[in-house]
Each structure stands twice: as C-alpha cells, then as structure tokens.
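In UniProt numbering, the protein residues as written are 1 to 543. Cβ coordinates follow ideal geometry from the N, Cα and C atoms, glycine included. All figures in this text were calculated on a predicted structure; none of them were measured in a lab. See below for the structure under consideration.
Structural data, given as structure tokens:
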C-alpha cells in the first residue's frame with residue numbers, strides 16, 4: 001500500500017539512518033521501536049510528509065489518506081470541543097455546502113445553453129457522485145462516541161478548546177484523526193496524556209476499526225495489545241519482524257547472539273591475518289600474500305553487534321526513619337469547586353509499606369486527592385499524615401521546580417549522599433543523560449529532559465512516603481525498568497498515579513478507583529482490577 005524506498009537522513013556529517021526500505025500493507029499494525037535518538041520520530045515525520053529525507057522516497061496510491069499525531073502539538077484555536085472534533089468531516093461538509101450553493105445557482109439561472117451552466121451541472125454531478133457514495137453516517141453521533149471514548153464528558157462538548165490542558169487538546173486531535181478513518185494512522189507516543197480507560201478504548205478502536213497503524217510508544221502493554229509487526233531502528237538501519245513487541249525482544253536477543261558469534265569469529269580471522277602479516281612482512285617469498293591480506297583487511301566490512309546495554313543498574317532509595325503505622329489517613333473528605341463536586345465523603349487508610357495506585361479518568365479527582373493529602377488545598381473532612389512521615393512527591397509539573405542555573409550533574413550531586421554518589425553518572429545514563437549531557441545547564445533542557453532529571457533527583461532523596469503522579473510520561477523502556485525495580489525494592493509507602501499498565505503490574509496490592517464523585521477501595525492488583533472491569537469499561541465508553 002505505502003512503500004518507503006531507500007530513505008536516508010544526514011545532518012552535520014552524521015548519518016541518522018540510510019538505505020531504509022519497507023512496505024506498509026493494509027491492516028498492518030506496526031510498532032516503530034528503537035532507542036531515543038535512533039530516528040523513529042524523524043522517520044515518522046517523513047512518512048507523514050512534514051519532513052524531507054536527505055535521500056529516498058515515500059510512495060502511496062492516489063487519494064491515500066495518512067493521518068499523523070505528533071508527540072507535541074502547538075495548535076491554537078478558539079472553537080468548541082465538539083466543533084473542533086467535527087472538523088474531521090470538514091471535507092464532507094464542504095462538499096455538501098458546495099452542492100447546495102451550486103443547486104441554488106441552477107434554480108435561478110436561465111442561461112441553460114451556456115458553457116458556464118453546463119460546467120455547473122457537471123460539477124454538481126461529480127460532487128453528487130462522490131457525496132452519495134459515502135457511507136451513510138450520523139456524523140454527530142460519531143463525534144460524540146469518539147470524544148466520550150477519549151475521556152470527554154457531555155458538558156465538555158460546548159466548552160472552548162482553549163480552556164483545556166495540552167493533554168486534552170491532544171485528545172481532540174486524536175479524535176479528529178480517528179474519525180477520518182485514514183488508510184494509515186501515525187501515532188507518536190499517543191498514550192502519554194490519556195488515562196487507562198481511554199487507552200483501553202483506543203486499543204479497541206485501533207485493533208478492530210482502524211486500517212494500517214504505525215505507532216511509537218514506550219507503553220509496553222499498549223504496543224503488545226495493538227501490534228502484529230515490529231520495525232526496529234538501530235545503528236542507522238532497520239530490522240523488520242512479523243511479531244509483537246514482546247516476541248520481538250526474544251527474536252532480537254537471538255539475532256544479537258548470532259551477531260556476537262559472527263563478530264567473534266571475524267575478530268579471530270582478523271587477528272590471525274594480522275599475525276601472518278606481522279610475521280612475514282619483509283619476507284620476499286611472502287610479499288604477494290602479505291599484500292593480498294593487507295588489501296583484504298582494508299576492504300573487510302566489520303560486523304557490528306547491536307549495542308544493547310545489559311548492565312543491571314540496581315538503584316535503591318536511601319535509608320530513612322521508619323514512619324508511623326498509617327502514613328496517610330483520609331476521613332470523610334469532600335472537595336468541590338463552586339458547583340462542581342470532585343468527590344465526597346472519601347475515606348482511605350494507607351498502612352506503612354503499602355503500595356497503592358489511584359485510577360480513574362482524568363478529572364475524577366486523583367491529583368486533587370494528592371494535593372489534599374499534602375495539605376496544598378482546603379477540603380471538608382480530615383486528611384492527615386502519620387508520625388515521622390517524610391514525603392517525596394513527583395508532580396506532573398515537577399520540572400518547573402528545578403534550579404535552571406545548575407548543571408544536570410550538579411542537580412543530582414547536591415542531593416546524593418554516601419556510596420550512591422559513585423554511581424551518579426550510571427544513574428543519569430539510565431535516564432538518558434549521556435556523555436556531555438551531564439554538563440548541560442538545566443535551563444537549556446527540554447521539558448521531557450527536565451522531567452527525567454526531576455525523577456532522578458527524587459530517587460536519591462531519603463523519604464518514607466513516595467507519591468508519584470504520572471512518573472513515566474517521558475521515560476523510555478529502560479528508564480522505566482530502572483524506576484520500577486527501585487520502587488519494588490522501596491520499603492516505604494507508595495501512592496502511584498499512572499496510566500501505564502505494564503509499569504503498574506506488580507507494583508500495587510490495592511487500588512483506589514475515582515469514579516462518579518466517589519473513591520472506591522479495591523483489595524486487588526491493578527491487573528485483577530482491569531481484567532474485572534475491561535468489558536464493562538469498553539461497553540460504558542462505547543455507549
């Protein structure tokens with residue numbers, strides 16, 4: 001359907017990738033994987049037509065519709081949520097409006113024999129053929145279904161889009177893409193700004209209703225659930241697997257083992273020939289053989305082994321004082337903003353050492369409850385922290401609290417204590433700060449880089465109550481694994497808000513669900529909770 005032919009991207013003497021070719025077939029569900037900086041987003045932008053390659057082409061049949069959702073949106077608008085989402089059908093509405101206008105002209109004109117009159121008739125005929133060939137769709141109902149699936153409430157439909165956060169504006173763009181029913185959907189980190197229920201809805205849509213999909217995501221569960229093919233970008237080229245992400249990891253390990261064996265055999269071959277050359281250099285009878293082997297070694301293409309960091313960085317939180325038996329107690333707590341009730345009569349007791357997660361759609365009160373626990377907002381009822389509680393809090397805007405005049409290394413070095421200071425570079429490396437990155441001033445870092453640095457800083461501070469609000473949005477798979485392992489070994493109390501099911505798996509033994517102005521306690525893991533609610537959630541979302 002869509003062919004990518006010999007793509008290459010080069011800049012400042014550096015080759016990002018070259019001679020990349022593959023075909024995207026109808027109904028392919030492809031994960032575009034690789035390390036940060038490998039060129040995944042660049043390749044996606046080229047396929048989307050928003051960036052040019054140094055060499056190569058992307059070819060597709062005429063009238064192919066490719067829809068692209070970038071990782072960061074810079075859109076500005078002043079319309080309602082419903083009207084903005086309805087723009088997905090703007091081509092249909094324009095077609096109908098033009099037909100209506102031309103038909104009015106035909107009713108009033110009397111120059112029946114003129115060329116212009118005949119042109120109008122031909123145009124109306126062409127438009128009518130296209131318009132009436134379209135599937136009979138209730139466009140308003142489709143818009144409503146998509147918006148509700150992505151977490152909007154009925155009362156949100158008439159609100160201005162500029163009243164919403166960047167995450168919700170991203171959802172509006174996603175709704176427009178899904179409603180267009182394109183031949184190929186390109187998604188760059190689509191789950192970063194949507195809650196678990198919306199992710200489930202999106203998975204169902206992409207698997208059962210979308211045509212071809214190409215997705216970049218660090219959400220392992222999401223990628224596994226929707227894809228049947230994996231294209232890995234590594235070391236300037238690609239590897240193409242007819243497998244989902246988990247199976248791809250197994251195949252990649254097998255590939256690397258073969259590469260390593262071939263590399264070792266080649267290195268022995270090179271060493272043997274170098275030894276021969278050194279031994280017989282200057283020996284007249286061996287001159288031709290020495291020269292031949294020297295030329296052969298010069299032309300020899302060295303086998304490369306994929307650079308997979310298998311170092312197991314073990315990161316443990318610094319020891320701190322033991323807290324009281326119940327670090328968090330919430331009793332009959334209610335919170336409203338004017339007429340809007342967030343939750344009422346909420347109760348929870350979180351015992352020392354418990355790891356719990358807050359789940360629910362965005363806007364149901366998860367972050368509000370965290371602020372209530374921390375005493376940042378006034379509420380009705382009682383929110384109390386227990387004896388000797390030392391709180392470590394990671395908010396979604398945590399990056400804004402960093403000192404922009406310090407370097408990356410200084411930011412971490414200022415909080416690191418004891419033996420952990422010897423591992424600072426390794427820890428920063430695990431969170432994607434490599435080489436000269438550690439000497440950069442915080443002020444020049446991107447939003448994602450600042451967020452990762454704030455997470456590293458928190459990991460090195462002595463706390464016994466850890467509250468994390470969407471901590472994985474800017475982390476790659478390796479960084480998430482390091483963080484998850486540290487949280488598993490954390491002997492304090494953990495409150496976790498996250499939409500990343502793979503990350504949550506094995507981390508919590510209790511779920512607090514925020515729904516319909518209530519906080520409901522479930523004595524089960526997140527996997528059990530989602531398994532029990534998946535069918536009900538999908539039915540509710542697709543009403």
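Inset, instruction - Give the secondary structure of residue 363 by DSSP, where H, G and I count as helix, E and B as strand, and everything else as coil. - result: Here residue 363 refers to the residue found at position 363 when the chain shown is read from its first residue. Note: residue 363 maps to coil in three-state DSSP.
Inset, instruction - For residue 297, I'd like the list of residues in its chain whose CB is within less than 7 Å of its CB, leaving aside the five on either flank, ordered along the chain. - result: Residue mapping note: residue 297 aligns to position 297 of the chain shown, counting from 1. Correct list, in chain order: 270, 273.
Inset, instruction - Ignore the nearest five residues each way along the sequence and tell me which others in residue 379's own chain have a CB closer than 6 Å to its CB. - result: Residue mapping note: residue 379 aligns to position 379 of the chain shown, counting from 1. By the criterion of a C-beta distance shorter than 6 Å, residue 379 is surrounded in its chain by 333, 335, 372, once the five residues flanking it on both sides are discounted.
Inset, instruction - Return the chain-ordered ranges of every alpha helix (DSSP H) run that is complete within the region 274 to 331 and spans a minimum of 4 residues. - result: 287 to 299
Inset, instruction - Use the C-beta contact count for residue 232: other C-beta atoms within 10 angstroms, 16 or more gives buried, fewer gives exposed. - result: Residue numbering aside, residue 232 sits at position 232 when the chain shown is read from its first letter. Residue 232 comes out buried.
Inset, instruction - Count the other CB atoms, across all protein chains shown, that sit within 10 Å of the CB of residue 404; report buried if there are 16 or more and exposed otherwise. - result: Along the chain shown, read from residue 1 onward, the residue named residue 404 stands at position 404. Burial call: exposed.
Legend entry - DSSP three-state assignment for residue 212, whether helix, strand or coil: Here the question's residue 212 lines up with position 212 in the chain shown. Secondary structure at residue 212: strand, using DSSP grouped into helix, strand and coil.
Inset, instruction - Within 10 angstroms of the Cβ of residue 401, are there 16 or more other Cβ atoms? Answer buried if so, exposed if not. - result: Residue mapping note: residue 401 aligns to position 401 of the chain shown, counting from 1. By the Cβ neighbour-count rule, residue 401 is exposed, with fewer than 16 other Cβ atoms within 10 Å of its own.
Inset, instruction - Helix, strand or coil for residue 145, going by three-state DSSP, please let me know. - result: Position 145 of the chain shown, counting from 1, holds the residue named residue 145. Annotated three-state conformation of residue 145 is helix, per DSSP.
Legend entry - Contact set for residue 79: own chain, Cβ-Cβ below 8 Å, skip 5 residues either direction: Taking the first residue of the chain shown as 1, we reach residue 79 at position 79. The residues are 160, 161.
Legend entry - C-beta contact flag for residue 343 and residue 365 at 7 Å: Translated into the one-based positions of the chain shown, residue 343 becomes position 343. Translated into the one-based positions of the chain shown, residue 365 becomes position 365. Cβ distance < 7 Å, so residue 343 and residue 365 count as in contact.
Inset, instruction - Just tell me which of 512, 131, 439 has its CA closest to the CA of residue 347. - result: Taking the chain shown and counting its residues from 1, one reaches residue 347 at position 347. Closest in alpha carbon position to residue 347, among 512, 131, 439, is 512.
Inset, instruction - Excluding the 5 residues preceding and the 5 following residue 505 in the sequence, name in chain order all residues of the same chain whose CB lies nearer than 7 Å to its CB. - result: The residue labelled residue 505 in the question sits at position 505 within the chain shown. Cβ within range, chain order: 526, 527.
Inset, instruction - Rank 156, 52, 94, 384 by C-alpha distance to the C-alpha of residue 82 and give the top, closest one. - result: Walking along the chain shown from the start, residue 82 turns up at place 82. Among 156, 52, 94, 384, the Cα nearest to that of residue 82 is on 156.
Inset, instruction - Determine, using beta carbons only, whether residue 68 and residue 251 come nearer to each other than 7 Å. - result: Position 68 of the chain shown, counted from the start, is the residue given in the question as residue 68. Position 251 of the chain shown, counted from the start, is the residue given in the question as residue 251. Cβ atoms of residue 68 and residue 251: not closer than 7 Å.
Inset, instruction - Let me know the secondary structure DSSP gives residue 184 once reduced to three states. - result: In the chain shown, the residue the question calls residue 184 occupies position 184. Looking at residue 184 - three-state DSSP - the assignment turns out to be strand.
Legend entry - Limits of the unbroken beta strand (DSSP E) element including residue 344: Residue mapping note: residue 344 aligns to position 344 of the chain shown, counting from 1. Here the beta strand (DSSP E) through residue 344 covers 340 to 350.
Inset, instruction - Please confirm if residue 413 has its CB atom under 7 Å from at least one CB of chain B. - result: Looking at the structure shown, chain B is missing, and only one protein chain is on hand.
Inset, instruction - Note down, in chain order, each residue of its chain lying with its Cβ closer than 7 Å to the Cβ of residue 399, except the 5 sequence neighbours on either side. - result: For this step, residue 399 is matched to residue 399 along the chain shown. Contacts found: 447, 450, 451, 454.
Inset, instruction - Leaving aside the five residues before and after residue 175 along the sequence, list all residues of the same chain whose C-beta is less than 6 Å from its C-beta, in chain order. - result: Along the chain shown, read from residue 1 onward, the residue named residue 175 stands at position 175. Taken in chain order, the residues that qualify are 85, 146, 147, 150.
Legend entry - Test item: CB-CB of residue 290 and residue 299 under 7 Å: Counting from one through the chain shown, the residue named residue 290 turns up at place 290. Counting from one through the chain shown, the residue named residue 299 turns up at place 299. No.
Legend entry - Length of the line joining the Cα atoms of residue 121 and residue 95: Position 121 of the chain shown, counted from the first residue, corresponds to residue 121. Position 95 of the chain shown, counted from the first residue, corresponds to residue 95. When rounded, the distance between both Cα atoms is 15 Å.
Legend entry - Distance between residue 261 and residue 312 (C-alpha atoms, nearest Å): Position 312 of the chain shown holds residue 312. Position 261 of the chain shown holds residue 261. For residue 312, the predicted structure reports a pLDDT of 46, less than 50, and the residue's modelled location is therefore unreliable. A value from the coordinates is still provided. When rounded, the distance between both Cα atoms is 23 Å.
Legend entry - Alpha carbon of residue 127 to alpha carbon of residue 90, nearest angstrom: Mapped onto the chain shown, residue 127 falls at position 127. Mapped onto the chain shown, residue 90 falls at position 90. Those two C-alpha atoms are separated by around 15 Å.
Inset, instruction - Compare the beta carbon distance of residue 216 and residue 32 with 7 Å and say whether it is the shorter of the two. - result: Locating residue 216 in the chain shown gives position 216, where the first residue counts as 1. Locating residue 32 in the chain shown gives position 32, where the first residue counts as 1. Yes.
Legend entry - Every unbroken alpha helix (DSSP H) within the region 386 to 474, with a cutoff of 4 residues, ordered by chain: 408 to 413, 424 to 430, 447 to 459
Inset, instruction - Under 6 Å Cβ to Cβ from residue 392, same chain only, skipping five residues before and after it: list those, please. - result: On the chain shown, position 392 is the one that residue 392 refers to. Hits under 6 Å: 458, 461, 463, 466.
Legend entry - Alpha-carbon to alpha-carbon, residue 234 and residue 433: Sequence index remark: in the chain shown, residue 433 carries index 433 (1-based). Sequence index remark: in the chain shown, residue 234 carries index 234 (1-based). If I take the Cα positions, the gap works out to 19 Å.
Inset, instruction - From the DSSP output, in three-state form, read off residue 495 for me. - result: Numbered from 1 along the chain shown, position 495 holds the residue referred to as residue 495. In the structure shown, residue 495 sits in a strand (DSSP, three-state: E or B).
Inset, instruction - Enumerate in chain order the residues of its own chain whose CB-to-CB distance from residue 219 is below 6 Å, with the five nearest sequence positions on each side excluded. - result: The residue given as residue 219 occupies position 219 in the chain shown. So the qualifying residues of the chain are 191, 500.
Legend entry - Rounded separation between residue 193 and residue 98 - CA only: In the chain shown, counting from the first residue as 1, residue 193 sits at position 193. In the chain shown, counting from the first residue as 1, residue 98 sits at position 98. In a straight line, the C-alpha of residue 193 is about 38 Å away from that of residue 98.
Legend entry - Environment of residue 230 [buried if 16+ CB atoms lie within 10 Å]: Taking the chain shown and counting its residues from 1, the one referred to as residue 230 is at position 230. Buried, by the Cβ-count rule.
Inset, instruction - Using the DSSP secondary-structure output, state which residues sit across from residue 550 in a beta bridge. - result: This structure cannot speak to residue 550, because the chain is shown only from 1 to 543.
Inset, instruction - Check the DSSP bridge columns for residue 355 and list the partner residues they point to. - result: Counting from one through the chain shown, the residue named residue 355 turns up at place 355. In the DSSP output, where bridge partners are listed per residue, residue 355 has 494.
Inset, instruction - Go through its chain and collect everything with a Cβ distance to residue 428's Cβ below 6 Å, but skip five positions before and after it. - result: Position 428 of the chain shown, counting from 1, holds the residue named residue 428. Excluding the 5 residues flanking it on each side, residue 428 has same chain C-beta neighbours closer than 6 Å at 438, in chain order.
Inset, instruction - Kindly indicate which three-state DSSP category residue 113 falls into: helix, strand or coil? - result: Walking along the chain shown from the start, residue 113 turns up at place 113. The answer is coil: DSSP assigns residue 113 none of H, G, I, E or B.
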